[in-house]
Every structure is written in C-alpha cells, then in structure tokens.
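One structure below.
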Amino acid sequence: MWYDESESEVANQIPHKPSYFNPMYRHTDTLIMIPCHGVLRSLNAYDWQKQSLWEFENHQLRDGVNLPFCLASHIRRASQILKERFDSSILIFSGGQTKVGAGPRSEALSYYLVAEETNLFGLFNSSVQIRNALERRIFTEEFARDSLENLLFSIARFLRNNGSFS
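Everything in the sequence shown is counted per the working numbering, starting at 317 for the first residue and increasing by one.
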C-alpha cells in the first residue's frame, strides 16, 4: 500500500459541520468529574440522607456505612474544588440509568439533585453564587454504564461545552 497526497487533499475538502461551543467556557481548562454510584428513588432530594431511598448494588452495601453520606462527601469535595477554580472549571456528574429498580432515573441526576437540595453544602457565599454554579458550571452526563464510560463520556461532555481540551 502506498500513500497518495491527493487522498489527504480530498479529505480536507470534505465539508465539516462547524463545532459549537459556548464562549462562556473558553477559559475553562479543568474538568472535575464525579463517577456516580447510586440512584435516588425519591421524587425529590429532600430526604437524600435515607439509605432506603437509594438504589445501590449489593457489593456496595456495608454494615455501619451510610452510603448517602459517602456520596455526599464526594459531591461536597467536588464543589469545593469548583469554588476554588470557578471561572476555569466545570463539574460533571457522570452516570446513567443503571439501576432497574429505580426506573428511568440516572445516577448523575441523583447527584445533581443532592447538590441542589443541599445548596452545594453551603460552600458558596450567596444564593446567587449557588444558582450560578448549578446553572452554568455543573452538568450531568447520563449515559455512562461503568467507570470507563464515566471517564470517556465526561471528557466528551467537556469537549462539547468547551470546543477544545485546552
């Protein structure tokens, strides 16, 4: 097989769909990703602390461990990092509809609802800052079914927002 430069010229002439990205994120260079591991079955996140309202895998359950508080510690830490690098970061909760017993609810949305219900654990100084973070800097990726997909799909979501990786 040989290389023909005319083939690359033809490839360069193929019209490409312009990529869209929001200019608000042009200085965003940090992806904070939380791989989600549970689905909240409640209609709202008011009672997110109750383990009985979450759908978990059997291997996740341990005597004496309150899993909702473990998940909340991940959300809180990610929110702290977001606050420290607010203008250059986005936070993505990654996880799909992986729990049959929870119906069409995603892991990512469950985590987002906890973040919203707790007002980002009081880490931000005002309700305006909280709303700004929830609306502009925190996203969900609701298709991942495992850890590898959490990573890959979050990177793709980051690229979709930013238009580039830098």
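Using N, Cα and C, we set each Cβ at its ideal position, and we do this for glycine too.
Figure out for me which residue from N374, A431, Q413 and L468 has the closest Cα to the Cα of E451.
The option with the nearest alpha carbon to E451 is A431.
Tell me which residue opens and which closes the beta strand (DSSP E) that E457 is part of.
Run containing E457: I454 to E457, per the beta strand (DSSP E) assignment.
Can you find at least 3 beta carbon pairs, one from the region 422-442 and one from the region 453-468, that sit closer than 8 Å?
Yes, the region 422-442 touches the region 453-468.
Please confirm whether S410 and M349 have their CB atoms less than 8 Å apart.
Cβ atoms of S410 and M349: closer than 8 Å.
Okay, do the region 379-389 and the region 440-447 touch, 3+ Cβ pairs below 8 Å being the bar?
Taking one beta carbon from each stretch, the region 379-389 and the region 440-447 have fewer than 3 pairs nearer than 8 Å; the two do not touch.
Enumerate, from N- to C-terminal direction, the unbroken beta strand (DSSP E) stretches of 3 or more residues contained entirely within the region 366-399.
As far as the region 366-399 is concerned, it has no whole beta strand (DSSP E) run of at least 3 residues.
Just to confirm, is the Cβ distance from N478 to F372 under 8 Å?
Going by C-beta atoms, N478 is not nearer than 8 Å to F372.
With DSSP collapsed to three states, give me the class of L347.
Residue state, collapsed to three classes: strand.
Between S463, H353, L359 and R473, which has its C-alpha nearest N374's C-alpha?
Nearest C-alpha to N374: H353.
Please classify F409: does DSSP put it in a helix, a strand, or coil?
Look at F409 here: in three-state DSSP terms it is strand.
Give me, in chain order, the residues of the same chain whose beta-carbon lies closer than 6 Å to that of I446; leave out the 5 immediate sequence neighbours on both sides.
Correct list, in chain order: N435, L436 and F440.
So what's L439 in DSSP terms, helix, strand or just coil?
Reduced to three states, the DSSP call for L439 is coil.
By DSSP, does L356 sit in helix, in strand, or in coil?
It is a strand residue.
Measuring alpha carbon to alpha carbon, tell me which residue in L347, H343, T414 and R473 is nearest D484.
Residue 484 cannot be examined here, being either before or after the span of the chain that is shown, 317 to 482.
Going along the chain, which residues of its own chain have a beta-carbon closer than 7 Å to the beta-carbon of L369, five neighbours each way excluded?
In its chain, beyond the 5 residues on either side, L356, R357, S358 and D363 have a beta carbon closer than 7 Å to the beta carbon of L369.
Of the choices I408, L377, R392 and R461, whose alpha-carbon is the least far from that of V416?
Between V416 and the set I408, L377, R392 and R461, the nearest pair of CA atoms involves R461.
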